[in-house]
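Report on one structure; see the data block that follows.
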Amino acid sequence: MKVLYHTSNPKFREKIKQEGLKPQVGDEYFLHWEGEFFNDKKVTSKNDLIPYLFLSEKPYDSGYDDDIWEVNINNVSLQKDPANIEGAYVTTEKIPSENLSLIYEGTGESL
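Just so we're aligned, residue 13 is where the sequence shown starts under this note's numbering, counting upward by one.
Next comes the structure, spelled out in structure tokens:
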């Protein structure tokens, strides 16, 4: 089984357990690209971005005590992260909850 990791605020834990992971344009993703060019277009709103699900080879450090999910990526189409972050990937596919294991329960507190 091939695995990558997804880091998420604990407030989304139950929703992820029920619905899995869904590509979206979250605040952090938007703030990273705001004012920059993405697919040859200047990003001024979330609508300028492609909804992605971000995965990484090791858990991402957001600066908060987040949940860490192990994600079975067998049969998932991946692309390198558009920001060229080393060891990071994106997908436009939904990951069902049965492909996820919560390996660390965070508190959501700032580190």
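Just so it is clear, CB atoms sit at the ideal spot from N, CA and C, and this is done for glycine as well.
Cβ-based neighbour list, residue 74, same chain, cut-off 7 Å, excluding 5 preceding and 5 following: The residues 19, in chain order, have a CB closer than 7 Å to that of residue 74 in the same chain once the five nearest residues on each side in sequence are set aside.
Counting Cβ pairs, one atom from each stretch, are 3 or more of them under 8 Å apart for the segment 44-51 and the segment 82-91? no
Residue 110 versus residue 98: straight-line alpha-carbon distance, rounded: 27 Å
Going straight from the alpha carbon of residue 57 to that of residue 105, what length do you get? 22 Å
Looking at residue 119: is its Cβ nearer than 8 Å to the Cβ of residue 77? Yes.
Which residues DSSP lists as bridging residue 24, in chain order: Per DSSP, none; premise fails for residue 24.
State buried or exposed for residue 79, treating a residue as buried only when at least 16 other CB atoms are found within 10 Å of its CB. Residue 79 is buried by the Cβ-count criterion.
Classify residue 16 as helix, strand or coil using the three-state DSSP reduction. strand
Out of curiosity, what's the CA-to-CA distance linking residue 83 and residue 15? 5 Å
Measure how close the beta-carbons of residue 33 and residue 112 come, nearest whole angstrom, since I'm counting them as under 8 Å. 7 Å
Length of the line joining the Cα atoms of residue 108 and residue 29: 9 Å
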